[in-house]
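Chains as they are written, first to last, in our numbering: chain W, 33 to 376; chain V, 33 to 376; chain Y, 33 to 376. In what follows, a structure is listed as structure tokens, so that the remarks can point back to it.
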Amino acid sequence: MTQYLKNTWYQAGWSDELPPYESTISKPLARTICEVPIVFFRTADGAVTALFDRCPHRFAPLSAGRAGPDRIACGYHGLEFGVDGNCVHNPHGPVVSALTVRSFPVIERHTAIWVWLGDAERVDPALLPDLGYIDETPAPARIVGYMPTMANYQLLTDNILDLSHADYLHPTSLGGFNTAAKTTNRQDGNRVRVDWLADDCVAPPAFRAGLNGAERADMWIEVVWQAPALMTLTFAASPAGAPRRPEDEGYTLHNMVPETATTTHYFYCATRRFKLDDERFSGFLKGALAQAFNEEDKPMLELQQARIGSHDFWDLEPVLLKIDGASTRVRRTLQAMIEAEAHN
Amino acid sequence: MTQYLKNTWYQAGWSDELPPYESTISKPLARTICEVPIVFFRTADGAVTALFDRCPHRFAPLSAGRAGPDRIACGYHGLEFGVDGNCVHNPHGPVVSALTVRSFPVIERHTAIWVWLGDAERVDPALLPDLGYIDETPAPARIVGYMPTMANYQLLTDNILDLSHADYLHPTSLGGFNTAAKTTNRQDGNRVRVDWLADDCVAPPAFRAGLNGAERADMWIEVVWQAPALMTLTFAASPAGAPRRPEDEGYTLHNMVPETATTTHYFYCATRRFKLDDERFSGFLKGALAQAFNEEDKPMLELQQARIGSHDFWDLEPVLLKIDGASTRVRRTLQAMIEAEAHN
Amino acid sequence: MTQYLKNTWYQAGWSDELPPYESTISKPLARTICEVPIVFFRTADGAVTALFDRCPHRFAPLSAGRAGPDRIACGYHGLEFGVDGNCVHNPHGPVVSALTVRSFPVIERHTAIWVWLGDAERVDPALLPDLGYIDETPAPARIVGYMPTMANYQLLTDNILDLSHADYLHPTSLGGFNTAAKTTNRQDGNRVRVDWLADDCVAPPAFRAGLNGAERADMWIEVVWQAPALMTLTFAASPAGAPRRPEDEGYTLHNMVPETATTTHYFYCATRRFKLDDERFSGFLKGALAQAFNEEDKPMLELQQARIGSHDFWDLEPVLLKIDGASTRVRRTLQAMIEAEAHN
Numbered sequence: 033m034t035q036y037l038k039n040t041w042y043q044a045g046w047s048d049e050l051p052p053y054e055s056t057i058s059k060p061l062a063r064t065i066c067e068v069p070i071v072f073f074r075t076a077d078g079a080v081t082a083l084f085d086r087c088p089h090r091f092a093p094l095s096a097g098r099a100g101p102d103r104i105a106c107g108y109h110g111l112e113f114g115v116d117g118n119c120v121h122n123p124h125g126p127v128v129s130a131l132t133v134r135s136f137p138v139i140e141r142h143t144a145i146w147v148w149l150g151d152a153e154r155v156d157p158a159l160l161p162d163l164g165y166i167d168e169t170p171a172p173a174r175i176v177g178y179m180p181t182m183a184n185y186q187l188l189t190d191n192i193l194d195l196s197h198a199d200y201l202h203p204t205s206l207g208g209f210n211t212a213a214k215t216t217n218r219q220d221g222n223r224v225r226v227d228w229l230a231d232d233c234v235a236p237p238a239f240r241a242g243l244n245g246a247e248r249a250d251m252w253i254e255v256v257w258q259a260p261a262l263m264t265l266t267f268a269a270s271p272a273g274a275p276r277r278p279e280d281e282g283y284t285l286h287n288m289v290p291e292t293a294t295t296t297h298y299f300y301c302a303t304r305r306f307k308l309d310d311e312r313f314s315g316f317l318k319g320a321l322a323q324a325f326n327e328e329d330k331p332m333l334e335l336q337q338a339r340i341g342s343h344d345f346w347d348l349e350p351v352l353l354k355i356d357g358a359s360t361r362v363r364r365t366l367q368a369m370i371e372a373e374a375h376n
Numbered sequence: 033m034t035q036y037l038k039n040t041w042y043q044a045g046w047s048d049e050l051p052p053y054e055s056t057i058s059k060p061l062a063r064t065i066c067e068v069p070i071v072f073f074r075t076a077d078g079a080v081t082a083l084f085d086r087c088p089h090r091f092a093p094l095s096a097g098r099a100g101p102d103r104i105a106c107g108y109h110g111l112e113f114g115v116d117g118n119c120v121h122n123p124h125g126p127v128v129s130a131l132t133v134r135s136f137p138v139i140e141r142h143t144a145i146w147v148w149l150g151d152a153e154r155v156d157p158a159l160l161p162d163l164g165y166i167d168e169t170p171a172p173a174r175i176v177g178y179m180p181t182m183a184n185y186q187l188l189t190d191n192i193l194d195l196s197h198a199d200y201l202h203p204t205s206l207g208g209f210n211t212a213a214k215t216t217n218r219q220d221g222n223r224v225r226v227d228w229l230a231d232d233c234v235a236p237p238a239f240r241a242g243l244n245g246a247e248r249a250d251m252w253i254e255v256v257w258q259a260p261a262l263m264t265l266t267f268a269a270s271p272a273g274a275p276r277r278p279e280d281e282g283y284t285l286h287n288m289v290p291e292t293a294t295t296t297h298y299f300y301c302a303t304r305r306f307k308l309d310d311e312r313f314s315g316f317l318k319g320a321l322a323q324a325f326n327e328e329d330k331p332m333l334e335l336q337q338a339r340i341g342s343h344d345f346w347d348l349e350p351v352l353l354k355i356d357g358a359s360t361r362v363r364r365t366l367q368a369m370i371e372a373e374a375h376n
Numbered sequence: 033m034t035q036y037l038k039n040t041w042y043q044a045g046w047s048d049e050l051p052p053y054e055s056t057i058s059k060p061l062a063r064t065i066c067e068v069p070i071v072f073f074r075t076a077d078g079a080v081t082a083l084f085d086r087c088p089h090r091f092a093p094l095s096a097g098r099a100g101p102d103r104i105a106c107g108y109h110g111l112e113f114g115v116d117g118n119c120v121h122n123p124h125g126p127v128v129s130a131l132t133v134r135s136f137p138v139i140e141r142h143t144a145i146w147v148w149l150g151d152a153e154r155v156d157p158a159l160l161p162d163l164g165y166i167d168e169t170p171a172p173a174r175i176v177g178y179m180p181t182m183a184n185y186q187l188l189t190d191n192i193l194d195l196s197h198a199d200y201l202h203p204t205s206l207g208g209f210n211t212a213a214k215t216t217n218r219q220d221g222n223r224v225r226v227d228w229l230a231d232d233c234v235a236p237p238a239f240r241a242g243l244n245g246a247e248r249a250d251m252w253i254e255v256v257w258q259a260p261a262l263m264t265l266t267f268a269a270s271p272a273g274a275p276r277r278p279e280d281e282g283y284t285l286h287n288m289v290p291e292t293a294t295t296t297h298y299f300y301c302a303t304r305r306f307k308l309d310d311e312r313f314s315g316f317l318k319g320a321l322a323q324a325f326n327e328e329d330k331p332m333l334e335l336q337q338a339r340i341g342s343h344d345f346w347d348l349e350p351v352l353l354k355i356d357g358a359s360t361r362v363r364r365t366l367q368a369m370i371e372a373e374a375h376n
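See the structure below:
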């Protein structure tokens with residue numbers, strides 16, 4: 033049985049996956065997180081509700097039902113449940129206390145929906161990750177994606193924590209300088225940060241457009257991981273020798289949300305502080321990321337998972353290289369957090 | 033290991049799934065019932081034979097072979113088996129006693145093929161359900177269906193025993209009055225009967241055509257279950273206030289035959305005593321039932337099964353409502369019959 | 033856990049599945065044999081290398097990488113491995129001894145690639161099967177095939193060792209005389225030979241073209257099996273009463289290579305000593321074999337496997353007929369060889 037960190041916020045989706053209530057003509061959103069099936073729906077006040085997606089009567093998924101202004105109705109026998117998970121209408125008799133489903137705390141922030149699977153008494157909005165860079169970026173300049181992937185979420189975390197892979201897997205778009213870059217990682221409490229610095233290198237094609245076509249650049253990348261599997265990647269590229277400027281920076285969210293032991297919801301959002309009005313650049317970047325993530329990362333991650341099969345990752349005795357420093361720290365940190373939680 | 037009632041007749045199919053021998057140009061019918069693979073074929077005298085569908089020589093399915101006038105030949109090495117399951121021809125040597133497959137008693141009645149999986153000494157044609165209403169209905173007025181469904185057969189039984197679901201799952205065709213109807217159920221030996229009575233209600237669209245378009249009606253529905261999962265649904269609709277008349281009645285067979293623990297052969301046949309020559313009405317009804325069963329029931333039943341997974345139904349502690357009275361009676365009755373059989 | 037014979041040569045593919053290095057624009061060949069994933073690639077000198085297809089770093093399949101002149105590079109992080117499986121380049125630090133994958137001895141002969149999964153100290157090229165008939169047949173007169181099949185390889189072996197099946201499964205092409213033929217089998221060390229002799233019989237359609245259309249013929253077929261599952265079928269057909277002549281003979285390889293317990297790589301190659309320049313005959317034969325193997329054998333073998341499921345073949349107590357003499361000898365011989373190997 034796979035164990036997951038429970039007392040944390042998991043991204044359930046992007047806000048626009050649940051349209052405003054007025055226009056709700058489609059079904060609620062069903063999404064399984066950490067093997068727990070959950071239905072998400074928006075009530076008339078705009079808030080998002082998350083309930084265990086299994087009616088206590090006959091076990092139909094509530095997500096196959098209809099969301100109302102303040103409730104969701106099971107599509108099979110019409111039982112209706114309010115935002116706290118308690119039954120508010122039983123067409124067939126009295127509302128008894130057993131007619132309840134677990135409700136999960138939800139916060140909507142940073143254009144995303146976040147759900148808490150852990151102990152109710154430990155819910156803490158302060159634990160939400162700060163993704164202010166998404167809010168500060170005008171919507172047209174955000175590249176937003178959702179990529180379900182048939183691999184364990186920790187393989188997806190490894191992928192972002194070791195960017196050297198870009199040189200081999202994404203040579204025509206994102207890679208080229210990482211292997212030769214100076215890289216360090218350090219831990220600050222439960223956060224792990226990795227830096228990649230490369231001076232006067234050949235800028236990868238996807239970064240060149242941001243440099244107005246300059247071929248040589250100074251590149252900086254920093255990745256900050258926080259549990260369980262959320263990473264913000266900050267990058268900056270300047271023409272070689274020019275100073276690094278905040279206005280040249282970009283910030284990309286890479287959030288790996290476990291669905292099951294071998295499947296992951298991968299949410300990403302690329303933002304930037306430059307060329308904000310340049311729709312052509314946004315289109316170019318969107319295409320480059322889709323190519324890199326969907327056509328290159330995803331097949332490799334799924335093949336990797338297939339080769340690992342049901343083996344435990346460590347039991348296969350991976351050979352640890354220098355580039356695995358951050359991902360090893362992260363795997364151990366997360367494992368310790370999961371174990372600490374299990375013993376509390 | 034799922035247990036099934038054995039000393040009973042299971043419907044294996046509809047008679048016309050096995051065309052007359054003269055025109056046999058297609059393969060015999062392979063159908064797995066209660067996890068037992070069976071091949072059905074029609075001999076020259078028109079009778080149907082049922083044999084274990086695995087050749088004792090190399091385990092090829094006999095259903096991949098050719099049915100002859102009084103035998104079936106394995107398509108792999110030509111061994112031929114008669115209607116009693118004994119080998120009648122071995123092209124490669126003597127017929128030895130080990131060359132035999134189990135044969136199953138079969139009866140063809142009510143336009144259907146029935147097979148007995150239980151003890152040979154308990155075979156009893158008197159246990160065949162009486163479905164005379166099928167025979168009494170001219171073929172053009174019968175709506176006959178076969179719907180394989182990826183859900184346990186008891187979920188399909190529950191579905192028919194609690195017709196309140198029609199109000200939520202089939203609101204545009206069959207539902208609308210059931211939740212408000214007076215409903216009672218009672219047990220008579222091993223039969224369970226549920227009644228639904230609604231006076232002066234809005235007639236569901238699928239019934240309105242039978243009322244010559246009247247919108248308000250008195251509705252009666254009775255469902256009689258008999259083990260293991262065969263139900264006859266009798267309905268009558270009259271313009272509100274008019275007396276109930278036998279000539280307004282319709283009878284529908286709903287027969288749920290387990291294929292495996294999570295898959296079911298659903299056979300249905302809707303008959304009626306009115307509008308027997310009305311082909312347009314038959315076509316309308318056929319479409320309405322296909323919509324309700326295939327597009328509405330089947331997806332919900334399969335989602336329900338997916339949520340239950342491999343859990344035992346009772347272990348999930350379903351909340352029992354008033355509308356579950358009949359299905360609970362039926363589940364307990366069937367369980368007791370299966371256990372009694374296992375101890376005899 | 034299925035056991036396989038290890039100290040033997042398994043055919044991994046046909047030589048032309050790995051084009052010459054100069055034209056290598058496609059990926060290396062990934063093929064799982066006896067449940068071991070292996071990557072095959074051709075180096076600049078034309079030789080074929082076989083390595084365990086899982087990078088020791090993060091377990092990506094090497095077959096998703098790029099083959100170079102004397103090495104293969106993992107497509108994920110650029111580790112490069114030489115033909116002996118040792119890492120020859122680590123872009124991220126020193127080459128440590130743990131950075132190695134198992135390499136497997138390979139021989140390319142008879143237009144095929146052969147791999148040794150067993151003990152390194154027992155590798156013996158002399159154990160390679162002699163398939164000189166392939167080399168002696170001009171390429172245009174060879175009918176070469178690869179048919180992956182979802183059945184245990186021993187079922188495919190049984191199929192060739194008991195050709196009586198052709199009379200029932202391939203009546204329009206290859207069958208007709210086998211059941212009535214005189215058949216004997218004998219064992220010579222670890223080889224098993226089966227003979228089929230039929231005088232003055234109706235020649236099967238696929239053989240008739242070789243007889244210039246004569247309908248009656250004397251037929252000879254000999255099948256020689258050697259472990260684990262390689263068979264050469266020699267056939268000769270002469271107009272009835274005419275002497276058997278070597279120049280009328282044909283030789284067909286049937287090689288069953290286990291992929292997993294329930295899937296098999298079936299390699300075949302039909303050669304002959306007559307009509308070598310007759311392209312029309314080659315085309316006819318190619319079509320006849322494709323029909324027999326793909327449309328008739330493969331579905332039957334897969335249905336047979338489905339009926340056997342996860343049962344052990346002998347546990348199901350197959351009824352042994354005279355025609356099973358050779359396949360029973362072979363199954364017992366192979367089982368003894370596997371057990372002997374396990375105890376050495």
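Backbone N, C-alpha and C fix where the C-beta goes; we use that ideal spot for every residue, glycine too.
### Task
Quick one: give me the first and last residue of the beta strand (DSSP E) that residue 286 of chain Y is part of.
281 to 292
### Query
Mapping DSSP to helix, strand and coil, what is residue 214 of chain W?
If DSSP states are grouped into helix, strand and coil, residue 214 of chain W belongs with the strands.
### Query
DSSP state of residue 51 of chain Y, grouped into three classes?
The answer is coil: DSSP assigns residue 51 of chain Y none of H, G, I, E or B.
### According to DSSP, residues forming a beta bridge with residue 180 of chain W
Beta-bridge partners of residue 180 of chain W (DSSP): W:297.
### Query
Is it right to say residue 376 of chain W is buried, meaning 16 or more other beta carbons lie within 10 angstroms of its own, or is it exposed?
exposed
### Task
Ignoring anything shorter than 4 residues or poking outside the region 320 to 354 of chain Y, list the alpha helix (DSSP H) runs there in chain order.
Counting only runs of 4+ residues, the alpha helix (DSSP H) found wholly inside the region 320 to 354 of chain Y occupies 330 to 340, in chain order.
### Task
Flag residue 92 of chain Y as yes if its beta-carbon sits less than 8 Å from any beta-carbon of chain W, otherwise no.
At least one chain W Cβ lies under 8 Å of residue 92 of chain Y.
### Message
Our contact map puts residue 104 of chain W next to residue 83 of chain W with C-beta atoms below 8 Å; I'd like the distance itself, whole angstroms only.
### Response
7 Å
### Message
Let's see if you can read the secondary structure: which residues bound the beta strand (DSSP E) around residue 268 of chain V?
### Response
262 to 271
### Query
Can you give the Cα-Cα distance for residue 95 of chain V and residue 330 of chain V, rounded to whole angstroms?
Note on geometry: alpha-carbon atoms of residue 95 of chain V and residue 330 of chain V lie some 28 Å from one another.
### Query
Based on the DSSP output, what are the partners of residue 82 of chain W in its beta bridges?
W:72 and W:136
### Query
What does residue 122 of chain V touch in chain Y if you count any residue whose Cβ is under 8 Å from its own?
353
### Query
If you compare alpha carbons, which of V:366, V:352 and V:148 is closest to residue 44 of chain V?
V:148
### Message
Here's a check: name, in chain order, each residue in its chain whose Cβ is nearer than 7 Å to the Cβ of residue 156 of chain W, leaving out the five neighbours to either side.
### Response
none
### Task
Could you run through the region 195 to 215 of chain Y and flag, in chain order, every residue whose CB is less than 8 Å away from some CB of chain V?
196, 197, 199, 200, 201 and 211
### Message
Using C-beta distances below 8 Å, list every residue in its chain close to residue 134 of chain Y, excluding the 5 sequence neighbours before and after it, in chain order.
### Response
Same-chain partners within the cutoff: 83, 84 and 117.
#### Entry: First through last residue of the beta strand (DSSP E) which encompasses residue 232 of chain W
223 to 234
### Query
What residue range is occupied by the uninterrupted alpha helix (DSSP H) comprising residue 255 of chain W?
Looking at the DSSP string, residue 255 of chain W is not in any alpha helix (DSSP H); the run it does join, the beta strand (DSSP E), is 248 to 258.
#### Entry: Listed by chain order, chain V residues near residue 131 of chain W by CB distance under 8 Å
351
### Task
Out of W:254, W:336, W:86 and W:344, point me to the one whose CA is closest to residue 182 of chain W's CA.
The residue with the shortest Cα to Cα distance from residue 182 of chain W is W:336.
### Query
Considering only residues of the same chain and omitting the five flanking positions on each side of residue 324 of chain W, which have a CB-CB separation below 7 Å?
Correct list, in chain order: 202, 205 and 206.
### Task
Output the distance between the C-alpha atoms of residue 257 of chain Y and residue 287 of chain Y, rounded to the nearest integer angstrom.
10 Å
### Message
Can you tell me where the alpha helix (DSSP H) holding residue 360 of chain V begins and where it ends?
### Response
357 to 374
### Message
Which same chain residues end up closer than 7 Å to residue 39 of chain Y when comparing Cβ atoms and leaving out the 5 residues on each side of it in sequence?
### Response
150, 151, 154 and 373
#### Entry: Three-state secondary structure (DSSP) of residue 305 of chain V
coil
### Task
List the residues of chain Y whose Cβ lies closer than 7 Å to the Cβ of residue 96 of chain V, in chain order.
For residue 96 of chain V, the chain Y residues whose Cβ falls inside 7 Å of its Cβ are 332 and 335, in order along the chain.
### Message
With H, G and I counted as helix, E and B as strand and the rest as coil, what does DSSP make of residue 191 of chain Y?
### Response
helix
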